[in-house]
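First residue of the sequence shown: 4, per the numbering used here; consecutive thereafter.
Where is the CB? At the ideal position from N, CA and C, for every residue including glycine.
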Amino acid sequence: MKFSDLAERQILKAQAEGQLDNLKGAGKPLNIEGDGSADAIGFRIMADAGVVPREIQLRKAVEAQSRILRETTGEEARKREMIKLNDLQLRLSIEQEARRCFYGS
4 MKFSDLAERQ ILKAQAEGQL DNLKGAGKPL NIEGDGSADA IGFRIMADAG VVPREIQLRK
64 AVEAQSRILR ETTGEEARKR EMIKLNDLQL RLSIEQEARR CFYGS
């Protein structure tokens, strides 16, 4: 089954169950701030719905861990923080590659 068919079935199911009734911004054009790519628009829609994709969570975690590493002193402590940062960067790369393979972008 193609992804588009699966998505269409889920949309029809949600409509039948009334889950799409009275949504915030219904009938208004999408806000396409940013680069206007499908990814950016999709991320904006999810953010407006209070959903954060794993890729975005990992980006924020990498930024936070980078700050922690910069502030860490001591060779052993820096090694521990570097291991955490490397793990987060690897997981972020995996998420990004999975998105590129799945969506072709």
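So residue i and residue j are in contact, right, with Cβ under 8 angstroms, and what is the actual spacing, rounded?
i: Lys87; j: Gln68; result: 6 angstroms
i: Thr75; j: Glu66; result: The pair is not a contact, with the Cβ atoms about 15 angstroms apart (cut-off 8 angstroms).
i: Leu95; j: Arg62; result: 6 angstroms
Mind checking whether residue i and residue j have CB atoms under 8 angstroms apart?
i: Arg103; j: Glu58; result: no
i: Ala32; j: Phe46; result: According to the sequence as given, residue 32 is Pro; it is not Ala. No, Cβ-Cβ distance for Pro32 and Phe46 is not below 8 angstroms.
Between the C-alpha atoms of residue i and residue j, what's the straight-line distance to the nearest angstrom?
i: Leu9; j: Glu78; result: 51 angstroms
i: Ile14; j: Asp51; result: 18 angstroms
i: Ile71; j: Asn89; result: 13 angstroms
i: Asp106; j: Ser7; result: As written in the sequence, residue 106 is Tyr, which differs from the Asp given in the question. In a straight line, the C-alpha of Tyr106 is about 11 angstroms away from that of Ser7.
Which one of the options has the shortest CA to CA distance from residue i?
i: Leu93; options: Ala43, Lys82 and Ala64; result: Ala64
i: Gly28; options: Asp42, Ile48 and Ala19; result: Ile48
i: Gln99; options: Asp42, Gly53 and Ala80; result: Asp42
What do you get for residue i, buried or exposed, if any count of 16 or more other CB atoms within 10 angstroms of its CB means buried?
i: Leu23; result: exposed
i: Leu26; result: exposed
For a test of your reading of the model: does the CB of residue i fall under 7 angstroms from any non-hydrogen atom of the ligand MG? Yes or no.
i: Gln68; result: For the ligand MG, the structure offers nothing, since it holds no ligand at all.
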